[in-house]
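If you read the sequences in order, they're chains A and X. Heads up, the first sequence is in this note's numbering, so the first residue is 3 and it goes up one at a time. Heads up, the second sequence is in this note's numbering, so the first residue is 86 and it goes up one at a time. Where is the CB? At the ideal position from N, CA and C, for every residue including glycine. Since this is a predicted model, take the numbers as computed values, not measurements.
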Amino acid sequence: MVDQLPNLGREKEMLTAMGMSSMDDLFADIPESVRMNGELPLRGPQSEEEIIADARRILGANVALGDRVNFLGAGLNRNYVPASVFQLITRGEFLTSYTPYQPEVSQGMLQAMWEFQTLICELVGLEVSNLSVYDASTAAAEAITCSVRVHNRKASQKNTVYVSELTPPARVSVIHNYTQGGGITIKTLRHNSDGTLNLESLAEAAGSCGVYVEQPNPLGILDGGLTSVKEIIGENTAFIVGVSPVSLGLVEAPGNYGADIVVGEGQALGSPITYGGPLYGIFACSKPYLRQMPGRIVGRSIDVDGSEAFCLTLSTREQHIRRHRATSNICTNETLIALMGAMHMSLLGPEGLEKLAQRNMAACQLAKQKLSEIASLNIPHDANTHYNEFVLELPGSASECISYLDTQGVIGGFDLSNWYPENKNWLLVSFSDQTTSTDIDLLVAHLSVWTASMKGVAA
Amino acid sequence: MDRFNEGGGRLSHLFEHNGASGRGYSQPEPISPVENLQIPSSLVRAKLPRWPRISEPEMVRHYTWLSNRNFGIDTGFYPLGSCTMKHNPRVNEVIAQLPGIADLHPLQPEHQIQGTLAIFYEMQEMLGICAGMDAVTLQPVAGAQGEFTAIRCIQEYFRTRGELNRTKVIVPDSAHGTNPASASMAGFEIVEIPSQEDGRLDLDALRAVVGEDTAAMMITNPSTLGVFEPEIAEAAAIVHDAGGQMYYDGANFNAILGRTSPGIMGFDAVHYNLHKTFSQPHGGGGPGSGPIGVKSHLAEFLPGPVVDRREVASGDLLTAVNDEWWYHWLEPENSIGKVQQWHGNSGAVIRSWAFYRRYGKDLKTMSEHAVLNANYLRHMIIKEAEENGVSHVFCDGAPVDVVKHEFTLSLAPLKEQKGLGAMDVAKGLLDKGYMAPTVYFPLIVPECMMIEPTETESKEVLDEFAKRFIEVLQEDADVLHNAPVTTNVRRVDEVYAARNLTLSYPFDE
Numbered sequence: 003m004v005d006q007l008p009n010l011g012r013e014k015e016m017l018t019a020m021g022m023s024s025m026d027d028l029f030a031d032i033p034e035s036v037r038m039n040g041e042l043p044l045r046g047p048q049s050e051e052e053i054i055a056d057a058r059r060i061l062g063a064n065v066a067l068g069d070r071v072n073f074l075g076a077g078l079n080r081n082y083v084p085a086s087v088f089q090l091i092t093r094g095e096f097l098t099s100y101t102p103y104q105p106e107v108s109q110g111m112l113q114a115m116w117e118f119q120t121l122i123c124e125l126v127g128l129e130v131s132n133l134s135v136y137d138a139s140t141a142a143a144e145a146i147t148c149s150v151r152v153h154n155r156k157a158s159q160k161n162t163v164y165v166s167e168l169t170p171p172a173r174v175s176v177i178h179n180y181t182q183g184g185g186i187t188i189k190t191l192r193h194n195s196d197g198t199l200n201l202e203s204l205a206e207a208a209g210s211c212g213v214y215v216e217q218p219n220p221l222g223i224l225d226g227g228l229t230s231v232k233e234i235i236g237e238n239t240a241f242i243v244g245v246s247p248v249s250l251g252l253v254e255a256p257g258n259y260g261a262d263i264v265v266g267e268g269q270a271l272g273s274p275i276t277y278g279g280p281l282y283g284i285f286a287c288s289k290p291y292l293r294q295m296p297g298r299i300v301g302r303s304i305d306v307d308g309s310e311a312f313c314l315t316l317s318t319r320e321q322h323i324r325r326h327r328a329t330s331n332i333c334t335n336e337t338l339i340a341l342m343g344a345m346h347m348s349l350l351g352p353e354g355l356e357k358l359a360q361r362n363m364a365a366c367q368l369a370k371q372k373l374s375e376i377a378s379l380n381i382p383h384d385a386n387t388h389y390n391e392f393v394l395e396l397p398g399s400a401s402e403c404i405s406y407l408d409t410q411g412v413i414g415g416f417d418l419s420n421w422y423p424e425n426k427n428w429l430l431v432s433f434s435d436q437t438t439s440t441d442i443d444l445l446v447a448h449l450s451v452w453t454a455s456m457k458g459v460a461a
Numbered sequence: 086m087d088r089f090n091e092g093g094g095r096l097s098h099l100f101e102h103n104g105a106s107g108r109g110y111s112q113p114e115p116i117s118p119v120e121n122l123q124i125p126s127s128l129v130r131a132k133l134p135r136w137p138r139i140s141e142p143e144m145v146r147h148y149t150w151l152s153n154r155n156f157g158i159d160t161g162f163y164p165l166g167s168c169t170m171k172h173n174p175r176v177n178e179v180i181a182q183l184p185g186i187a188d189l190h191p192l193q194p195e196h197q198i199q200g201t202l203a204i205f206y207e208m209q210e211m212l213g214i215c216a217g218m219d220a221v222t223l224q225p226v227a228g229a230q231g232e233f234t235a236i237r238c239i240q241e242y243f244r245t246r247g248e249l250n251r252t253k254v255i256v257p258d259s260a261h262g263t264n265p266a267s268a269s270m271a272g273f274e275i276v277e278i279p280s281q282e283d284g285r286l287d288l289d290a291l292r293a294v295v296g297e298d299t300a301a302m303m304i305t306n307p308s309t310l311g312v313f314e315p316e317i318a319e320a321a322a323i324v325h326d327a328g329g330q331m332y333y334d335g336a337n338f339n340a341i342l343g344r345t346s347p348g349i350m351g352f353d354a355v356h357y358n359l360h361k362t363f364s365q366p367h368g369g370g371g372p373g374s375g376p377i378g379v380k381s382h383l384a385e386f387l388p389g390p391v392v393d394r395r396e397v398a399s400g401d402l403l404t405a406v407n408d409e410w411w412y413h414w415l416e417p418e419n420s421i422g423k424v425q426q427w428h429g430n431s432g433a434v435i436r437s438w439a440f441y442r443r444y445g446k447d448l449k450t451m452s453e454h455a456v457l458n459a460n461y462l463r464h465m466i467i468k469e470a471e472e473n474g475v476s477h478v479f480c481d482g483a484p485v486d487v488v489k490h491e492f493t494l495s496l497a498p499l500k501e502q503k504g505l506g507a508m509d510v511a512k513g514l515l516d517k518g519y520m521a522p523t524v525y526f527p528l529i530v531p532e533c534m535m536i537e538p539t540e541t542e543s544k545e546v547l548d549e550f551a552k553r554f555i556e557v558l559q560e561d562a563d564v565l566h567n568a569p570v571t572t573n574v575r576r577v578d579e580v581y582a583a584r585n586l587t588l589s590y591p592f593d594e
């Protein structure tokens, strides 16, 4: 029996009050020809305790990252999130509220999101942030369509945006789905063999509507060359940078080296990975892009007494007002996850952010140093600086290596042939503030054994 | 502010916190020397962000204060039409925080995530059954994204068939704004058709616009007026006869589970709002989850991968959920690709799974009670209005005997008589302690108020709300123009916000 319905057993009383005699009367307006008769062919209801027991049993079959030593990242990061974030987020006033359409009774979430916007603006060095899109991939896609809306009129390469060839295929696929309807052509930017952006290739992008690159890039490289991008592409082409937000505790804010739009995966600030969702996409821009940006924005205002008050603003860009001429179809976003992000950012503070970035980078640095001592392993982009992940070139296939590590209780990283099919032997290994030197020693030990066995096979 | 729940002992702004000690929590030291971190000189961050320096006690108090200034379903009745603000069972939250959900990476191999895949499979099957659809993907992360995804599938379906002339999508003028926005983003031209006087779908208007250029019609049923479209099967036939596809906006799905289905009505594709029908908490605007279901002819175009299963083989058993099935990903043959980078909002899907398990086949009872409550509240408001002599200040948004999960009222007479609009009444309701219903939507009802009580409100709550609603209608114009007066701030000047854009904390002010 369902235990969530306060009026169960009172149906007759309520129906009688309305002059009706059965529940069927309430559905008399559904023509017979389209009625579903009988019961739904589904299982019976369960009690709360049965559900939780089933959840534990079924989900117990999963292997959690925390059950293993793990080096899987590829755009998502398992940073520690403080306990107070999880405690506060369960407050029903936040958890069970809707989009703040009535600002007088929604000041809490509105102010929290205005503060979130401020935290993001400060982080990325731009003037405007919305209060999140779905994830990094949709943020990148929305940034691209936004750049076309802003620049197409003056562009010599109409409806054209350049995207780094390193961009993960799933992200490219999202970009394709979001841009194909607008007739936008996506061209690719080439990279040098050391993994940095090819600036000659970039020159071809001048006159287009936008350029999308990532910092660090998908190979984990911090590319110093990106500071000259804006100068090369010029004022009339949007410079869109995808960031790993924690890295900005050490790395210059893209807004300070010419970025017009900064997007990225917010997850590392505030949220567990949660199997890839819910996450939150960061979307920040400079003022010229404001009126073409997607999503909701909170503005500071006053109430009739002149007291400070907050409300949603610039809604005329949005679907519920502008309908098919809206800047995006986005309605529901990721506010609650963004709120977790704001809480985590607050607790970190500027120095805490710097330290978190250092811990990520120091783990990566230590691993790079120790793994470079295994003779049969190559680090193809060794000369570059890596933030918290890098590519290991193996003496055999990455997928076989991952399978071997799995038998040893290690989640070994990501097989990059899934992104770059020509690189069968590239393993992307990722580190976080949770990586210990013991973890790294374990990886080194297992890879030593595995590479030795590969030599044996080769011999 | 001198209200008890505003709390003393705090600062008003996060950014006023600038404690010398600096950090909300202490972190262990980096595991290798920081001096060795070589960042390219052009990329060294010159100045750290002006984030607050706040301790944990101050931070907890700040956000608790903010939460006290926010109204959720837990706070009180939230009859926000079209948003299905039902109770969010708390066990769902407990389950969502299990490490077997929160601490998983979407790139883990299948044998490490059999539990998640089993739940995904169960959800795909359940959603398919409820909507009468043959295949389901859980990837879209919001209702609007579900709409967009389904329209993309329909677009690829026609491209595959060489029907490139199908460039138009038809939407009624009562449709949610996301419908035309989603179709437009996919590259379609929008054809809006007017509703009949009573708000229902106008078949003649539909016949007048369908043709060889029609790709799809997008419609929600019950409509945004809360009224079931009796001629929906005829509408589907008209669109299908012209070679188009029928798309069901699942925003109002809470009204019909077990009583009818989009499949029976003749739809080819549907999105579900797990954050409406299946109680994923709205969280102040998200996250949501917007799976879509399609009939078999569209299944090959779904975004990939989806979950399939086969019988367990020897060797699988160690990490299988049970000794029957092995779950695996399957890429649809002509998939449109991805709409989110990973596998959608897994956390929302698993909360919704827990919700589904609570009801099982009694999801039908859930919908019945949603409809019972909406009709009962509508009845009580009309009755109270008659007894108090205020029937003349509003009229039904749609003159029908029964509504489904929500109903609309037009306050146009009140506007005419007293100069009070739907927004004034909404603000008056805030002073009674309620969240206001949706106002000014759908656009076709003048001075519209759209009320959706959901199934999780008791009869007493509905009785009381009806009384208070009538009291608000009886208020003096001055009182309502001046409302709200009991809220944390009084009426907010939205024009001021747009004219004096302050989109972040003004550090230099």
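Asked: Nearest neighbour of glycine 445 of chain X, chosen from X:Met211, X:Ile536, X:Gly161, X:Ile555 [CA to CA]; Found: X:Met211
Asked: Contact between the stretch 430–439 of chain X and the stretch 205–219 of chain X (3+ Cβ pairs under 8 Å); Found: yes
Asked: Buried or exposed by the 16-neighbour rule on C-beta atoms within 10 Å, applied to glutamate 297 of chain X; Found: exposed
Asked: Uninterrupted beta strand (DSSP E) stretches inside the stretch 339–415 of chain A (no shorter than 3 residues); Found: 391–395
Asked: Beta strand (DSSP E) segments (min. 3 residues) lying fully within the stretch 469–535 of chain X; Found: 492–495
Asked: Validate contact between the stretch 308–319 of chain X and the stretch 518–535 of chain X using beta carbons, cut 8 Å, 3 pairs; Found: yes
Asked: Own chain residues within Cβ distance below 7 Å of tyrosine 291 of chain A, not counting five before or after; Found: Cys148, Val152, Asp262, Ile263
Asked: Exposed unless 16 or more other CB atoms sit within 10 angstroms - verdict on alanine 364 of chain A; Found: buried
Asked: Reference serine 434 of chain A, options A:His448, A:Gln360, A:Leu250, closest by Cα; Found: A:Gln360
Asked: Serine 431 of chain X: first and last residue of the uninterrupted alpha helix (DSSP H) it sits in; Found: 431–444
Asked: Status (buried if at least 16 other CB within 10 Å, exposed otherwise) for proline 423 of chain A; Found: exposed
Asked: Cβ-based burial, proline 102 of chain A [other Cβ within 10 Å; buried from 16]; Found: buried
Asked: Stretch-stretch touch, CB-based, cutoff 8 Å, three pairs: the stretch 132–142 of chain A with the stretch 293–301 of chain A; Found: yes
Asked: Serine 267 of chain X: first and last residue of the uninterrupted beta strand (DSSP E) it sits in; Found: Per DSSP, serine 267 of chain X belongs to no beta strand (DSSP E); it is in the alpha helix (DSSP H), 263–270.
Asked: Contacts that isoleucine 186 of chain A makes with chain X (C-beta to C-beta distance below 8 Å); Found: Within 8 Å Cβ-Cβ: nothing; isoleucine 186 of chain A doesn't reach chain X, min ~10 Å.
Asked: Beta-bridge partners of leucine 429 of chain A, as assigned by DSSP; Found: A:Leu394, A:Asp417
Asked: Length of the line joining the Cα atoms of leucine 10 of chain A and proline 191 of chain X; Found: 41 Å
Asked: Selection from X:Arg175, X:Pro194, X:Gly200, X:Arg251 that minimises the alpha carbon distance to glycine 185 of chain X; Found: X:Gly200
Asked: Supposed contact pair glutamate 106 of chain A and proline 569 of chain X - C-beta distance, whole angstroms, cut 8 Å; Found: 5 Å
Asked: Own chain residues within Cβ distance below 7 Å of glutamate 542 of chain X, not counting five before or after; Found: Phe162, Asn458
Asked: Environment of asparagine 585 of chain X [buried if 16+ CB atoms lie within 10 Å]; Found: exposed
Asked: Chain X residues whose Cβ lies nearer than 8 Å to that of methionine 345 of chain A; Found: Met144, Tyr148
Asked: Contact the stretch 547–567 of chain X vs the stretch 481–493 of chain X: 3+ CB pairs below 8 Å; Found: no
Asked: Beta carbon of glycine 301 of chain A nearer than 8 Å to that of threonine 315 of chain A; Found: yes
Asked: Where valine 577 of chain X falls, given that 16 or more other Cβ within 10 Å makes a residue buried; Found: buried
Asked: Straight-line gap, glutamate 129 of chain A to asparagine 103 of chain X (C-alpha atoms, nearest Å); Found: 22 Å
Asked: Sequence-distant residues of its chain with Cβ nearer than 8 Å to isoleucine 52 of chain X (five each side left out); Found: Residue 52 of chain X cannot be examined here, being either before or after the span of chain X that is shown, 86 to 594.
Asked: Below-8 Å beta-carbon distance, glutamate 579 of chain X vs any chain A residue; Found: yes
Asked: Selected residue, minimal CA-CA separation from glutamate 391 of chain A, among A:Leu90, A:Asn219, A:Lys14; Found: A:Asn219
Asked: Three-way DSSP call (helix, strand, coil) for leucine 44 of chain A in this model; Found: coil
Asked: Rounded C-alpha distance that separates phenylalanine 243 of chain X from leucine 286 of chain X; Found: 26 Å
Asked: Rounded C-alpha distance that separates methionine 86 of chain X from threonine 572 of chain X; Found: Residue placement at methionine 86 of chain X is flagged as unreliable, the pLDDT there being 48, under the threshold of 50; a coordinate-derived value is accordingly withheld.
Asked: Beta-bridge pairing of histidine 193 of chain A - partner residues as DSSP gives them; Found: A:Leu199
Asked: Inter-stretch contact (C-beta, 8 Å, three-pair minimum) for the stretch 377–388 of chain X and the stretch 218–238 of chain X; Found: yes
Asked: Three-state secondary structure assigned by DSSP to glutamine 330 of chain X; Found: strand
Asked: Cβ neighbour criterion (16 or more within 10 Å) applied to arginine 575 of chain X; Found: buried
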